[in-house]
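Residue numbers (the numbering used here): -6 to 469.
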C-alpha cells in the first residue's frame, strides 16, 4: 500500500496488505494447518483429527450440517415452501440442541435459510454430535483473511457507460468485509442496511468486533468503522465499497466508483485474533470465520425482499484449491443467492498460483475475478486456474481516505480485491439496465464483451471487463 498526493506523481511506499499481515507469508502447509480441510462424519480419520484438536485445545470450532433438509434453492417453488423450509431448519436446530446441550451457549450461531449450526464443542460434545441422527456432516470452521485494494474507471469503459445513463441507480451491492465507513465522502447516504457477525473464543484469543463486544449486531452503525490515522488494514471494506459504488458528487462522477448511483449493504464479518503465527509481524489481526461469512450471506439473502441486490462482494481469501470447492459450506448459500439473481463476486487471491483459486472464489456458482493492469497484462500475483471467470484492473488504484491519510493524499493499492469490486460495480450497472437479468445473462454479457488477456503463468485467456460494451450485449 502506498500514499499518493492527489495532484502529484510522488509516491511514498508504506507497508499494507499482505505485508501488514505477514512479514514472511506462511507456507501452504502452515495455511492448511490454520484452515484445515473439510471434515465429514463418514471419514473416521478426519473425525479423529477433529477430536484430537478438541482434546489438545479444550474445544474445536465447528460447523454442523443438519440432516433431512431438502434443497430448495429454486425460488420459483414459492414463498410458502421456502417459509416451510425455514421452519424445518429451525425445528432441526432446536431438536439437535435439545438432544445435545452445548456448554458454550454463547458460541452457538444459527442460520435462517441454511441447514447449519455453528458452535464451539468439546470432546464429549463432538462425540455426541458424531452419533446424532440429526447431523449429516461436521466441518471445521475455517479461517479466511482479507485480501488487498485502486481506480481504473476509464480502462473498463465505466465512464462511457455513465454517459449512456448506466450508473447503477436503484441497485444495491452488498459488501461482506471488515466494515464500511459510511461517513466516507464517497459513501454518505449510500449505506441502506448494516449487520455484524463475529466470533468470541477466549481460549484461542479470539474477540468479536461488533459493537459493545457482541457477536452479532443489526441496524444503523452495526457495520460502521472509524479508522485511525495510518491504520490501513481497517479501511479494506471501505475501499471496496468506494470502488464499487462510491460517488464523489463531482461533475461527471470524477473519481467515483463503477456504479456511483448504486447503494450499499454493509456486512461486517471479521474477528480479532491474537496469534503471531497468523498475524506476524503484528501480535493481532482481523480474520474471517466461515461461520460468520455464512451468517453474512444468510443476512443478504433475507434482505433480497427489501432491496434490489445486484451482487455481494467477497474480497476475502481462504485456502486455495486446484478444483471446484464442492464441499464448501458456502455452496448452498451461494446457490440460493444465484437463484435469486444475486451474484456472489469473489477475488481469486494474490499468491500468484497458476492453477489454484482461493476460497470462496473456487466455490461453484461464484464469479471469480483476477487482476490486470493498464497495459493489458495479467498481474503476476493474481491467482489463475480454468475456474477463473473474469479479469478487472487491480494495480496501483488510489482513493482518498480522510482521517487515515493526510488531506490531499490517496491510499494506493493493488490486489484482486480491487478487481472484484470493479466487477461488483459493473454488475450493478447492468442490473440497473435489465433488473430481470439472471446471473448467467450478465456473466455472458461481460464475458463476450470483454477483452481477452492471456496469463503468461499458464497460457489461459480470460476476458477483462468492458462495462460500456457489456451494456450493448445485454440490450441485444
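The beta-carbon is built from N, C-alpha and C at its ideal position, and this holds for glycine as well.
Note that the coordinates shown come from a computational prediction; the quantities given were computed from them, not determined experimentally.
- Using a Cβ-Cβ distance cut-off of 8 Å, the stretch 242 to 253 and the stretch 284 to 299 are not in contact, since fewer than three pairs of beta carbons, one from each stretch, lie closer than that value.
- In this structure, DSSP gives residue 261 an extended state, which the three-state scheme calls strand.
- Between the stretch 292 to 301 and the stretch 178 to 188, the count of C-beta pairs closer than 8 Å reaches three or more; the two stretches touch.
- In this structure, residue 280 lies away from residue 321, with their beta-carbon atoms at least 8 Å apart.
- For residue 297, no beta strand (DSSP E) segment is defined, and its DSSP state is neither H nor E.
- For residue 457, the pairing in a beta bridge is given by DSSP as 384 and 444.
- Membership of residue 269 in the alpha helix (DSSP H) is indicated by the continuous run 269 to 272.
- Here DSSP, grouped into helix, strand and coil, assigns residue 392 to strand.
- By DSSP's assignment, residue 173 forms a beta bridge with 217.
- In the same chain as residue 204, and ignoring 5 residues on each side of it, the C-beta atoms closer than 6 Å to its own belong to 210, in chain order.
- For the 8 Å CB-CB criterion, residue 221 and residue 126 do not form a contact.
- When 432, 258 and 376 are compared, the shortest CA-CA separation from residue 217 is found for 258.
- The bridge partners DSSP lists for residue 287 come to none.
- The alpha-carbon separation between residue 45 and residue 366 amounts to approximately 46 Å.
- When 337, 374 and 56 are compared, the shortest CA-CA separation from residue 433 is found for 337.
- Under the DSSP assignment, residue 152 falls outside any beta strand (DSSP E), being part of the alpha helix (DSSP H) whose first and last residues are 151 to 156.
- The beta carbons of residue 165 and residue 303 sit closer together than 8 Å.
- Only residues of its own chain outside the window of five on either side were considered, and among them 266, 267 and 268 have a CB closer than 7 Å to the CB of residue 198, listed in chain order.
- Contact between residue 385 and residue 359 does not hold, since the beta-carbon distance rounds to 15 Å and is not under 8 Å.
- Ranked by Cα distance from residue 452, the first of 346, 329, 423 and 389 is 346.
- Residue 75 sits in a helix when the DSSP states are folded into three classes.
- 8 Å or more divides the Cβ of residue 134 from the Cβ of residue 47.
- Within the same chain, Cβ atoms closer than 7 Å to the Cβ of residue 163 are found at 301 and 425, the five residues on either side in sequence being excluded.
- Per DSSP, the beta-bridge partners of residue 371 are 365.
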